[in-house]
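Some notes on the structure that comes next.
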Amino acid sequence: MSYKTLKSHIHSRSHRIKSTLLVLIIIAGCLTTKAQSLEENLIVGAERIGDYIEQLENKNIAIVANATSVVRRCNRNSYTHLVDTLLSRKIEVSKIFSPEHGFRTIADAGEKVSSSIDPKTGIEIVSLYGKQRKPTKEDLNDVDLILFDIQDVGVRFYTYIATLQYIMEAAADNHIPLIVLDRPNPNGDLVDGPVMEKENTSFLGLQPIPLVYGLTIGEYARLLNEENWLETEKSLELKVIQMANYDRTHRYHLPIRPSPNLPNAQSIALYPSLGLFEGTHINAGRGTPQPFQRYGSKDLDQTVFSFNYEVTSTLGAKYPKQLGELCYGEDLSLVEVPKKVSLHWLLKAYHHHKGAFFKSESFKLHSGQSALEEMIQSGFTENQIRATWEKDLEAFKVIRSRHIMYP
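Using the working numbering, read the sequence shown as starting at 125 and increasing by one per residue.
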């Protein structure tokens, strides 16, 4: 090949590479623009005030809320809390019920939260993650209507849906109407993972649903009510204020972290997979700057896991597993999130861990599947384990399809 021909060939190849890169940049830009447009155009249930404000007027309102219960201001660039928004419209908010992590959403996972008075508004806050999980008759004596507005993440062991169920049952038992203000499911319409078995029922899973169930909080409320899954003989007057411009296939980025250890979209997307480590001796990033974006333990094989980090006490994770230890594991903060519940990291950690791995009862409650621990110990592959989920997943999808509110 002559010098002139070689030079021409190199120039042509360079041009093709540049053209390909340009196309990829344009595609990435278009995808980013589309995602931004979807999120900017979304109107959550709480922001559709005209659809429910009249039902609140001249009534004593109890609101189930936390730090995620916000509405965008008119300029769309800042937020106010729903409680403040309602008070500014002369709505009588007589009581606030708070879920796990408290009204300000700063308490640790599993930390008991006491009832209190909100210093800003003077409104009584009744904790539903302290001495009680369900409102009592006395709590509801002076309540005419309950408003529920909490951002969920679409994962079964995330306890906000258990709080929702208990609120629904208390409302039905006391003949109080309930309005659920819908919000997006940041895990989209993904349905995957083991379905909760009855013998493993707890506050980490009250119903036979998959680990990831592909419903918004409003759709899930409808499912509970219309499938008669509530533990009550009374009927519930339920209304769901739907979102506008919601695309259920999109993984929305949330403006407020839904709990202290889910700080960003990556942690929320990895939570269903890494959350299974909660039932083991492995640290899943609590007590680090990247919760649910890494995992590790002092007992993992250092020749396999080169990434290491130290676990400290942090806000929202005062006493994390492996506190004060140097952990070896994997950094997943930049990995492409799998479009499923992945067992890859759980199985890898199990096969390279020294000493006790599972906390058996906790693992059953988190996974919902009694046989999962034994299957892992027996050497089942991920595909073999996933095959045991299929029948129950398909049955749930039929139930789920009856309660979809968004195309």
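From the three backbone atoms N, C-alpha and C, an ideal C-beta is built for every residue, glycine too.
Problem - N-terminal and C-terminal residue of the beta strand (DSSP E) that L302 is part of - result: By one-based count along the sequence shown, residue 302 stands at place 178. From DSSP, the beta strand (DSSP E) with L302 extends over L302 to L305.
Practice task
Put N432 into one of helix, strand or coil per three-state DSSP.
Solution key: As a working mapping, residue 432 is identified with position 308 in the sequence shown. Strand at N432.
Exercise for the section: Output the boundary residues of the alpha helix (DSSP H) element that contains I187. Expected result: Taking the sequence shown and counting its residues from 1, the one referred to as residue 187 is at position 63. No alpha helix (DSSP H) contains I187, which is instead part of the beta strand (DSSP E) from N184 to A189.
Handout entry: Same chain, Cβ closer than 7 Å to F281, neighbours up to 5 away in sequence not counted
Key = The residue you call residue 281 lines up with position 157 of the sequence shown. The answer, listed in chain order, is L328, G329, G399 and H490.
Problem - Residues of its chain near R372, where Cβ-Cβ distance is below 6 Å and the 5 sequence neighbours each way are ignored - result: Here residue 372 corresponds to residue number 248 of the sequence shown, with the count starting at 1. The answer, listed in chain order, is D313 and Y530.
Practice task
Would you mind reading off the limits of the alpha helix (DSSP H) that contains T209?
Solution key: Numbered from 1 along the sequence shown, position 85 holds the residue referred to as residue 209. Start and end: L206 to S212.
Problem - Nearest-angstrom Cα separation, counted from R526 out to V319 - result: As a position in the sequence shown, residue 319 is number 195, starting the count at 1. As a position in the sequence shown, residue 526 is number 402, starting the count at 1. Roughly 18 Å between the two C-alpha positions.
Exercise for the section: Leaving out five residues on either side along the sequence, give the residues of the same chain with a beta carbon under 7 Å from the beta carbon of S494. Expected result: Locating residue 494 in the sequence shown gives position 370, counting from the first residue. For S494, where only same-chain residues beyond five positions count, the Cβ hits under 7 Å are E321, E323, N324 and K488.
Handout entry: Distance, C198 Cα to L211 Cα
Key = Numbered from its first residue, the sequence shown carries residue 211 at position 87. Numbered from its first residue, the sequence shown carries residue 198 at position 74. When rounded, the distance between both Cα atoms is 17 Å.
Practice task
Report yes or no: do the region 335-343 and the region 259-279 share at least 3 C-beta pairs separated by less than 8 Å?
Solution key: yes
Practice task
Identify, in the order they occur along the chain, each residue of the same chain with its Cβ nearer than 8 Å to the Cβ of V315, setting aside the five sequence neighbours on each side.
Solution key: Translated into the one-based positions of the sequence shown, residue 315 becomes position 191. Same-chain partners within the cutoff: P334, V336, Y337, G338, L517, F520, K521 and R524.
Handout entry: Span of the alpha helix (DSSP H) around P396
Key = Sequence index remark: in the sequence shown, residue 396 carries index 272 (1-based). Looking at the DSSP string, the run of the alpha helix (DSSP H) that includes P396 is A389 to L398.
Practice task
Could you tell me whether the region 289-297 touches the region 351-365, using the rule of 3 or more Cβ pairs below 8 Å?
Solution key: yes
Exercise for the section: Would you decide whether G503 is buried or exposed? Buried here means 16 or more other CB atoms lie within 10 Å of its CB. Expected result: To locate residue 503, count along the sequence shown from 1; it is residue 379. Exposed, since its Cβ has fewer than 16 Cβ neighbours within 10 Å.
Problem - R410 versus N201 - alpha carbon distance - result: Against the sequence shown, residue 410 aligns to sequence position 286. Against the sequence shown, residue 201 aligns to sequence position 77. Straight-line Cα distance between these residues: approximately 30 Å.
Problem - Proximal residues to K478 (C-beta, below 6 Å), its chain only, five neighbours per side dropped - result: As a position in the sequence shown, residue 478 is number 354, starting the count at 1. Only D423 meet the Cβ criterion.
Practice task
Answer yes or no: do F416 and Y433 have a C-beta to C-beta separation smaller than 8 Å?
Solution key: Reading the sequence shown from its first residue, position 292 is the one you call residue 416. Reading the sequence shown from its first residue, position 309 is the one you call residue 433. No; because the gap between Cβ atoms is not below 8 Å, this pair is not in contact.
Exercise for the section: Name the two residues that bound the continuous alpha helix (DSSP H) containing I177. Expected result: The sequence position of residue 177 within the sequence shown is 53, counting from 1. Residues I177 to L180.
Problem - Secondary structure of H477, DSSP reduced to three states - result: The sequence position of residue 477 within the sequence shown is 353, counting from 1. In the structure shown, H477 sits in a strand (DSSP, three-state: E or B).
Practice task
May I ask you to list the residues that DSSP assigns as paired with C451?
Solution key: Numbered from 1 along the sequence shown, position 327 holds the residue referred to as residue 451. Paired residue(s): Y433.
Handout entry: Residue environment, D425, which counts as buried when at least 16 other CB atoms sit within 10 Å
Key = The residue given as residue 425 occupies position 301 in the sequence shown. Per the 10 Å Cβ criterion, exposed.
Handout entry: Member of P243, G254, K244 and R346 whose CA lies at the smallest distance from the CA of D232
Key = The count along the sequence shown starts at 1 and reaches residue 232 at position 108. Checked all of P243, G254, K244 and R346; the closest Cα to D232 is G254.
Problem - Beta-carbon proximity check, S466 vs S397, cutoff 8 Å - result: Position 342 of the sequence shown, counted from the start, is the residue given in the question as residue 466. Position 273 of the sequence shown, counted from the start, is the residue given in the question as residue 397. Yes, Cβ-Cβ distance for S466 and S397 is below 8 Å.
Exercise for the section: List the DSSP bridge partners of Y253. Expected result: Locating residue 253 in the sequence shown gives position 129, counting from the first residue. Bridge partners of Y253: none, in fact.
Handout entry: Contacts around K236, its chain only, beta-carbon distance under 7 Å, and the 5 residues preceding and following it disregarded
Key = On the sequence shown, position 112 is the one that residue 236 refers to. Result list for K236: Y253 and G254, in chain order.
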